[in-house]
Structure formats: structure tokens, C-alpha cells
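Trainee:
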Amino acid sequence: MRPGAYHAFRPAHSLRKCLRMRHGACAHGLPGAVLPSSRVADDEVRRHLGLMAADTETFADLRLTARLRSATAIMLAIVPVFLALDLRYQRASFPGLLFFYGLHVLIAGGALLATFTHGGRRRPDHVALVLIAGMATNINAYFHRTPANPALAADVLTLLMMSSAFFFSWSLSRHLLICAVTCTGFAVAGLTAAQVQPAFGYAFGILVLGGVVASIGSHVLGRYRQGLARRQAELAELSMRLMSLHEEERHRLSRDLQEDIGQSLAAVSAYLQAIEYDLPPALGELRARTADARRLAAKTVAQLRQLAQLLRPSVLDDYGLMPSLHSCLRDFQERHGVAASLSTEGVPDRLPSPIEVAVYRVVQEALTNVARHARARHVRVALATDRGELSLRVDDDGVGLPPEGRHPGTGLIGIRERVQALGGSVTIASRAGTSLVVRLPLRRDRAA
């Protein structure tokens, strides 16, 4: 989190109050902004507040998936170490060791692969539960087969519960249930073993104590992470609202440039043309100057229209995203001499307005970066939808990002904030050229 970002939480209430006023003291914080009417503003705020729960869940799922991958990677990494120790001290049970360690690898590897599937990314909590339950069952089964050292088995199970508290931060009731099932399995494995060890009772007590401590730690960490997720959702909501105001202002400026200033200049050009035709031939110099003024006015009108299209293309509102992108790429190719192409797969004619605006702005910013830095000859833009997700890919064959230039500039930061506010993700790669990949969810609650 960048310095000072925490203080951005507090203005959220002030912003919501501002949205209920068309004019007021808060308006000066948004230079030139014309806030919507109070009714529209209230509807917008309620809509964004309604998305906060979904945003919080999205942020939590993304972090849980990352922690789940880390946990499974650690579980896979410790296999060679523990297998080497077991082979040294328990050579007689080599086939059984291979079975339990193979099952360990199967459970951890399966959970890791599941995090890269669509279902695993949507339900990482379920994958984590299966992972911990499977590991605990495997360890208890291993202890039942080799009950010589119950303290070691209890220590491993305690470490497993502590790790689950650190990585997953489940609720107190859920973690207590997991610990109870784990301890029950340990007791059954130890008491039904071929020979009950004298240290079994001591090991069981240590395991129960470790489970209670792990449950309390999980509860504390869970509350902290939930609070952090709520704050991140508030930041995302505030960022989305500010970007919405920004788009409204650009839309208003575009409309004013075309309808007010543009029409006024067009009228001036028409008056100058009438004056030019009414002047007698004897006033040739004055007629020439009038013609120059008329051409200058016409040129200014054309520039205003071009600026208005950059601010907010009317085709985006009237016809949707695809025609807007075709127009944007055509203008980019004519202006910079860089070949540009657009391909689509399964993209509907119209998308939710926030999605259309976000994709258009991302492409606009990506093309600006290509023109300024890439020295590319070709740019390829690809749009596709799959399983309720929209993917945008912008590739160029330019020089790529230098090692010292991989830190995001303001343009890339703006892209990331805009996409993350909609629950999406941004990936940038630089090998043969630069590749920008954006993924946005097309959920119904986002489209509302």
C-alpha cells in the first residue's frame, strides 16, 4: 500500500455526502466536476455499496488462492526431507512409506492443480478444507501403521493445524471442528494400533493443546484479514466512484465541445463564409483574410471534434464497444503508421457499461504506451469471453520493457486500478515485445 493510502478510507463518507449535493464545499475537490443530481447520486452510491460484499469476497478469494498455493508448495517441498529421514530410520517399512508419501504428494499436488482450475479459483476455501482433512487423515493412518513415536506424529499434526490457522484463518467454530476431528483420528489411530505406546497420552494432550492454540490464532488472524479485506473493498468502491465521476466529466466535456462550442464555431465559420461572398471584388485582401479566418474556424471545429472523440467517443454510447475499438485502432494506425488489428471470440454486441468503458480506456492507454515507447510495427488486440469472464489481450512487437522500466508508470497504475475496481486482474509480460492481459468478470451483479 502506497504512503498515505490509509487516509483515503476516511473521505469515503464525505464523498457520499457530496454526492447528495449538486453544489457544495466538496465540489472543489473535483476540479470542474459537475456532480449528478442527488437522486441519481444516491442510486449510484447504493449500487456501489451493494457491490462491497461481493468485492470483499473477491479480494478474500484471491488472497486465499495465493496462500493455498504457497501451502501446497511447502507441503510438496518437505517430502524429500522427511522421506530421507524415514528411509534412514525405518528401512523395514519401505513399501508402506512409499504409499503414504505418494498419497501425500497426490493430495498436495491435486490441491495445487485445483487452484488453477475455474472451480478451484471460485471455491478455494473448499479446496483448503479437503487439503487439510486429507493431510490429517494420511498422517493419522501413517501413525497407525508405525506407532513407535506418537510424540512425533502429534507434533506433525500440531504443525499442520498451526499452518492451517496461519494460511487460511478459518472461523473459530470451523477450526475447532477440524481440530476435534484431527484429535479424534489421532486417538483412534493410537488406541487401535498393534501396540499402544506409553507416551501416547502425553502426545495426545500436546495435540489437544496445540489444536486449541491454533484455533484461537486462526480466529484472531481471520478477524484481522476480514478487516483488511473490508478496507480494500472500500478503497475499490471509492476508486470506482471517482472513475465514474471522471467518466461523467469527460462525457460532459465531450458533449459541450461538440454541441456548444463546436456548433458556435461552425456558426462563426458560416458567417465568415457569408461575409466572404458578400464582399466586393475590390476588397480582395479583406476577402482573403476572411477566407483564412473561415478555414481556421473550420480547422478548430475539426480539432474540437477530434478532442471530443478522445474524451468520450459517441460511438461507444450509441453502438457499443466493438465499433468503438475498430474506430480507435483505425485512427491509431492512420496517426502513427503502426499496423493494428482486432480479433474477437464470443463477445456479445453490448456489454455492461462499466465493462465497455474500462476496456476502451485500457486499450486507449495501451495504444498510447505503444506509440510513445514500444517502437513497434504491429499491435494486436484480442477480446474473448469464457465462463463468465472477459479477457483482453494487447500485444506488440516492439522493444519491450527494459529491466529498469518494469516499475509501473501512471498509465499502468491507472489501468490496474480501473480493472481491479471491477474485480479483474492485470498481467504484463515483456519478452518479444510487450503483452498486456486483462481479465474482467461478467457477473450479473457487476452489470446491474
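Numbering follows numbering that gives the first Met the number 0, in which position 377 of the sequence shown is assigned residue number 376; successive positions increment by one, without gaps. Cβ atoms here follow ideal geometry from the backbone N, Cα and C, with glycine treated the same way. From a predicted model like this one, the values you see are computed outputs, not experimental measurements.
1. Check for me: the alpha helix (DSSP H) holding residue 254 runs from which residue to which?
2. In the DSSP assignment, the alpha helix (DSSP H) including residue 132 goes from what residue to what residue?
3. So for residue 458, helix, strand or coil by DSSP?
4. Assign residue 336 to one of three DSSP states: helix, strand, or coil.
5. If you draw a straight line from the alpha carbon of residue 68 to that of residue 432, how long is it in whole angstroms?
6. Report all residues from its chain with a CB closer than 6 Å to the CB of residue 399; omit the five preceding and five following residues, and keep chain order.
7. Taking C-alpha atoms, which residue in 269, 252, 73 and 154 lies nearest to residue 198?
8. Is it buried or exposed for residue 142, if we count other Cβ within 10 angstroms and need 16 for buried?
9. Determine which residues share a DSSP beta bridge with residue 429 and list them.
10. Could you check the C-alpha separation between residue 355 and residue 324 for me, to the nearest Å?
11. Along the chain, where does the beta strand (DSSP E) containing residue 170 start, and where does it finish?
12. Going by DSSP, name the residue or residues bridged to residue 344.
13. Does the pairing of the segment 173-186 with the segment 145-161 give three or more beta-carbon distances under 8 Å?
14. Using only the alpha-carbon positions, how far apart do residue 230 and residue 420 sit?
15. Roughly how many whole angstroms lie between the Cα atoms of residue 279 and residue 340?
16. Could you tell me which of 368, 345 and 147 sits nearest to residue 192, measuring between CA atoms?
17. Whole-angstrom Cβ separation of residue 218 and residue 170, contact assumed at under 8 Å?
18. Is residue 404 helix, strand or coil by DSSP?
19. Return the first residue and the last residue of the beta strand (DSSP E) that residue 362 is part of.
20. Less than 7 Å separating the beta-carbons of residue 330 and residue 369?
21. Could you name the residues of the same chain whose beta carbon sits closer than 6 Å to that of residue 418, not counting the 5 residues immediately before and after it, in chain order?
22. Just list the residues that DSSP pairs residue 378 with in beta bridges.
23. Looking at C-beta atoms only, is the number of pairs between the segment 124-133 and the segment 98-110 that lie closer than 8 Å three or more?
24. Tell me which same chain residues have a C-beta within less than 7 Å of the C-beta of residue 207, skipping the five on either side of it?
Mentor: Reading from the atomic positions:
1. 199-255
2. 123-144
3. Within the shown structure, residues of the chain are numbered from 0 to 447, placing residue 458 beyond reach of any answer.
4. coil
5. 29 Å
6. 429, 432 and 433
7. 154
8. buried
9. 433
10. 10 Å
11. Counting along the chain, residue 170 falls outside any beta strand (DSSP E), and DSSP gives it neither H nor E.
12. 383
13. yes
14. 13 Å
15. 53 Å
16. 147
17. 7 Å
18. Per-residue confidence for residue 404 stands at a pLDDT of 48, beneath the threshold of 50, marking its modelled position as unreliable; no derived number is given.
19. Careful: residue 362 lies outside any beta strand (DSSP E), inside the alpha helix (DSSP H) at 352-368.
20. no
21. 425 and 437
22. 339 and 395
23. yes
24. 182
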